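Its first residue numbered 161, the sequence shown is counted upward by one per residue in this note's numbering.
The beta-carbon is built from N, C-alpha and C at its ideal position, and this holds for glycine as well.
This structure is a prediction, so every number in the text was calculated from the model and none was measured.
Comments concern the structure below.
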Amino acid sequence: MTLEKQGAGGEGPSPSRDLRRYAALFASRTRVMTSSVMRDLMAITEHPEVISLAGGLPDTASFPGEEMARVMGQVARENSARALQYGPTDGLASTREAIAQVMAWQGASVEPGDVLVTTGGQQAIDLVCKALIDPGDVIVAEGPTYPGAVPTFTAYQADVVQVGMDDDGMKVDELAETLERLEREGRRPKFIYTVPTFQNPAGVTMSLERRRRLVEIANERELIVLEDEPYSLLRYEGTALPTLLELDGGRFVVHAGTFSKMLAPGLRLGWAIAPRPVMEKLVLGAQSTTLCPSPFTQLFVSGYMASGQWPAYIEELRGIYRTRRDAMLAALEAHFPPSATWTRPQGGLFVWATLPDFIDTTDLLALALSANVAFVPGRAAFVNGDGASSMRLNFSASEPETIDEGVRRIGALVAEQVDLFGAITGSFPAVAGEEPGEMAEVVELPRRDQEQRRQG
Ligand SMILES: Cc1ncc(COP(=O)(O)O)c(C=O)c1O
161 MTLEKQGAGG EGPSPSRDLR RYAALFASRT RVMTSSVMRD LMAITEHPEV
211 ISLAGGLPDT ASFPGEEMAR VMGQVARENS ARALQYGPTD GLASTREAIA
261 QVMAWQGASV EPGDVLVTTG GQQAIDLVCK ALIDPGDVIV AEGPTYPGAV
311 PTFTAYQADV VQVGMDDDGM KVDELAETLE RLEREGRRPK FIYTVPTFQN
361 PAGVTMSLER RRRLVEIANE RELIVLEDEP YSLLRYEGTA LPTLLELDGG
411 RFVVHAGTFS KMLAPGLRLG WAIAPRPVME KLVLGAQSTT LCPSPFTQLF
461 VSGYMASGQW PAYIEELRGI YRTRRDAMLA ALEAHFPPSA TWTRPQGGLF
511 VWATLPDFID TTDLLALALS ANVAFVPGRA AFVNGDGASS MRLNFSASEP
561 ETIDEGVRRI GALVAEQVDL FGAITGSFPA VAGEEPGEMA EVVELPRRDQ
611 EQRRQG
């Protein structure tokens, strides 16, 4: 059998005929399914001449190759039959123990039996949606939120309502007001999604006071909070804060974690911890998709954990990323105009920068790509077109000199736009984020809507 070419070289059917042929077969959810901006950008930024400040890639080059070979060799020699066999849906006992240990490093005491091993943290988000979301159900998320969660939420046809943030994380008072409003409208959110520590994309951390208040609200209203926590061990300064899971005692908090950022994303290994009735549904959901997480990578992770080398590796990563974060903050200071603002993360991988409101970062990205530099435009972190003047900048994946050069190139483009605006209007842009400590995207600025943008 030969496969039909998809409209290539004039042979086979044209793409538009193909679309018509299949359209009637697609599920209604495919109409709202969108591609992740980061995945799209990844293809472009793979070109070596492009400086990518767009991805969320950890520095896997720093992982010691010999240690990796040793642990993999050990798995192959001593455990190949298990490594190559199907395993239990909720994960191998040794991996669940390793995860309980990682949770203990984060200050949370968890029984290995309460851990579901997943194929990355992304699957944990997907499973929670699969278990809880019917079309039209409300998810409350931070604004901005993790851009990779947006396609997941929309694939389940959720109605995402976003709550503002500032330097102390999600504005929990605004959350309370939003929940009241939704209640008046007869709508009860299925869950509240938060990345409390070194948030992706904003880089900010939820204060202890707000963590306590959020858990209180969840308990009062009997609402689930999905705490997505990939970054908390990557702290470069300040004191660690308790997880929401620990504060809540496992009543309404579902905790998602991952090995992607503190070890390697190529392992595709994460986890979920949830109240027992929710956990049962998550396990059923996992059965129908992956059957089980990869036993091979699970044994690699528990083998590496047993070697005792991991804490030193995390310490090494902290040192590398601290230097890169400092390089990015210095580069922003040197190359961005005074009318721009940005966050100063104590950990994680990202800085969130906001430009004067007349600059649209989706448009700016096109210019940036021709200058061989990339970032994630702010709109990717919102469901309603907000964030148009903001951008997410990653500092973990590039050397300090490369970060400086990338920020310099973006800064030069921004300066051109600012000059152009000044020349046309004769005015200087106001500094975004008027109040000290306020995150810039929280400031309500007039924005061009989509239609106006299309018309130029
Ligand atoms: C907040 C957040 N959640 C989940 C993920 C997905 O991670 P994983 O590689 O474990 O699927 C990421 C990755 O960038 C993330 O930033």
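- For I570, the three-state secondary structure derived from DSSP is helix.
- The set of residues with a C-beta under 6 angstroms from any non-hydrogen atom of ligand 1 comprises G216, G280, G281, Q282, Y306, G308, V355, N360, D388, P390, T418, S420, P425, G430, given in chain order.
- It is roughly 20 angstroms from the alpha-carbon of L580 to the alpha-carbon of A494.
- Collapsing the DSSP output to three states places I211 in a strand.
- In the DSSP assignment, F351 falls within the unbroken beta strand (DSSP E) covering 351-354.
- Counting along the chain, A264 sits inside the alpha helix (DSSP H) bounded by residues 253-265.
- In terms of CA proximity to P390, M263 leads the group M263, G586, K441.
- Boundaries of the alpha helix (DSSP H) harbouring E226: 225-243, taken from the DSSP string.
- Nearest to G308 by C-alpha distance, out of G215, G571, A253, P455, is G215.
- Contact annotation, D408 with T354: C-beta distance approximately 12 angstroms; criterion of less than 8 angstroms not satisfied.
- The Cβ atoms of S222 and A557 lie no closer than 8 angstroms to each other.
- Contact check between the segment 551-568 and the segment 494-510: three or more CB pairs, one atom from each, fall below 8 angstroms, which counts as touching.
- Leaving aside the five residues that flank D250 on each side, the residues in its chain whose CB is nearer than 7 angstroms to its CB run, in chain order, L276, V277, V443.
- The three-state reading of DSSP puts R552 in strand, counting E and B together.
- Nearest in C-alpha terms to T399, of all of M551, Q266, Y481, E209, is Q266.
- A contact is defined here as three or more CB-CB pairs under 8 angstroms, and the segment 454-470 fails this definition with respect to the segment 313-333.
- Here T305 is buried. Its C-beta has 16 or more other C-beta atoms within 10 Å.
- Here the alpha carbons of V231 and R478 stand approximately 23 angstroms from one another.
- For W512, DSSP records a beta bridge to R552.
- Among the bridge pairs identified by DSSP, L276 is matched with A432.
- Here E302 is buried, its C-beta having at least 16 other C-beta atoms within 10 Å.
- By the criterion of at least three beta-carbon pairs nearer than 8 angstroms, the segment 535-549 is not in contact with the segment 202-211.
- Annotated as distal: C452 and G281, with beta-carbon spacing of 8 angstroms or more.
- Residue range 298-303 is occupied by the beta strand (DSSP E) that includes A301.
- In the DSSP assignment, A528 falls within the unbroken alpha helix (DSSP H) covering 521-530.
- In the structure shown, I480 falls within a helical segment according to DSSP collapsed to helix, strand and coil.
- Burial check for P498: the Cβ neighbour count within 10 Å stays below 16, so the residue is exposed.
- Between the beta-carbon of L386 and that of V288 there is about 5 angstroms, and that keeps the pair under the 8 angstroms contact cut.
- One Cα belongs to E476, the other to V533, and the distance between them is close to 27 angstroms.
- For E387, the enclosing beta strand (DSSP E) has its first and last residue at 384-388.
- In the three-state reduction of the DSSP assignment, D250 falls in the coil class, being assigned neither a helical nor a strand state.
- Q359 counts as buried, since at least 16 other C-beta atoms from the protein chains shown sit within 10 angstroms of its C-beta.
- Positions of the beta strand (DSSP E) runs, each at least 3 residues long and wholly inside the segment 359-425, are given as 384-388, 413-418 in order along the chain.
- In the three-state reduction of the DSSP assignment, M193 falls in the coil class, being assigned neither a helical nor a strand state.
- Per the C-alpha coordinates, the member of R395, L394, G417, Y396 positioned closest to L404 is G417.
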